[in-house]
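**Q** Under our numbering, the residue at position 64 of the sequence shown is numbered 188, and the numbers go up by one with no gaps.
Backbone N, C-alpha and C fix where the C-beta goes; we use that ideal spot for every residue, glycine too.
Starting off with a structure, shown below.
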Amino acid sequence: APWKGGFYERLIGLVNCSMRKMIGRQILQYDFFNTLLIETEAVINSCPLTHVSEELDFKVLRPTDFLLHGAKNGFPSLEEDYEHLEYDPDNREKLIDIWRKNMRNIDKFWKIWSEEYLFRLREKQTIFHR
Numbered sequence: 125a126p127w128k129g130g131f132y133e134r135l136i137g138l139v140n141c142s143m144r145k146m147i148g149r150q151i152l153q154y155d156f157f158n159t160l161l162i163e164t165e166a167v168i169n170s171c172p173l174t175h176v177s178e179e180l181d182f183k184v185l186r187p188t189d190f191l192l193h194g195a196k197n198g199f200p201s202l203e204e205d206y207e208h209l210e211y212d213p214d215n216r217e218k219l220i221d222i223w224r225k226n227m228r229n230i231d232k233f234w235k236i237w238s239e240e241y242l243f244r245l246r247e248k249q250t251i252f253h254r
């Protein structure tokens, strides 16, 4: 039931299912998995809660707007203070490879999750309007 937390349980189930499909049987390093999980959280929190209008006058309401007003998705700009980075890869190519791998996985997650999410919404809509 939605009033007993069923919505959140369903959402967690969708995320788990999508993550399993995305990762498969791979064994991931902790840092890579952590990055993947954080990016996945950003994808889910940036999905619109309201209808996305063609008009540019309206701002789309997203879950992240309740958590961090005006938050932007993606990596922070390194122009400000790049000397104090916690993660220092061995070379430029390694950093680019890691970034590309992360982006491929996030794109894969988005595709899987959006298909599952839209399927569940359609399923709920047909059940609700019988």
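Using the Cα positions of W223 and R134, report the straight-line distance between them to the nearest angstrom.
**A** Taking the first residue of the sequence shown as 1, we reach residue 223 at position 99. Taking the first residue of the sequence shown as 1, we reach residue 134 at position 10. Distance between the alpha carbons of W223 and R134: 30 Å.
**Q** Closest to F162 by C-alpha separation, out of E247, I230, L242 and K235, would be which residue?
**A** Within the sequence shown, numbered from 1, the residue matching residue 162 stands at position 38. Per the sequence shown, residue 162 should be read as Ile rather than Phe. Nearest of E247, I230, L242 and K235 to I162, Cα basis: I230.
**Q** Using 8 Å for Cβ pairs, my map puts W234 next to V167. What's the rounded Cβ distance?
**A** By 1-based counting over the sequence shown, the position of residue 234 is 110. By 1-based counting over the sequence shown, the position of residue 167 is 43. Correct: roughly 5 Å between the Cβ atoms.
**Q** Are the Cβ atoms of N226 and T164 separated by less than 8 Å?
**A** In the sequence shown, counting from the first residue as 1, residue 226 sits at position 102. In the sequence shown, counting from the first residue as 1, residue 164 sits at position 40. Contact flag unset, no.
**Q** Cutting at 7 Å between CB atoms, please list the residues of its own chain near Y241, excluding the five before and the five after it.
**A** To locate residue 241, count along the sequence shown from 1; it is residue 117. Within the same chain, Y241 has close Cβ partners L138.
**Q** Is the beta carbon of R186 closer than 8 Å to that of C171?
**A** What you label residue 171 is simply residue 47 of the sequence shown in a count that begins at 1. What you label residue 186 is simply residue 62 of the sequence shown in a count that begins at 1. In contact: C171 and R186 (Cβ atoms closer than 8 Å).
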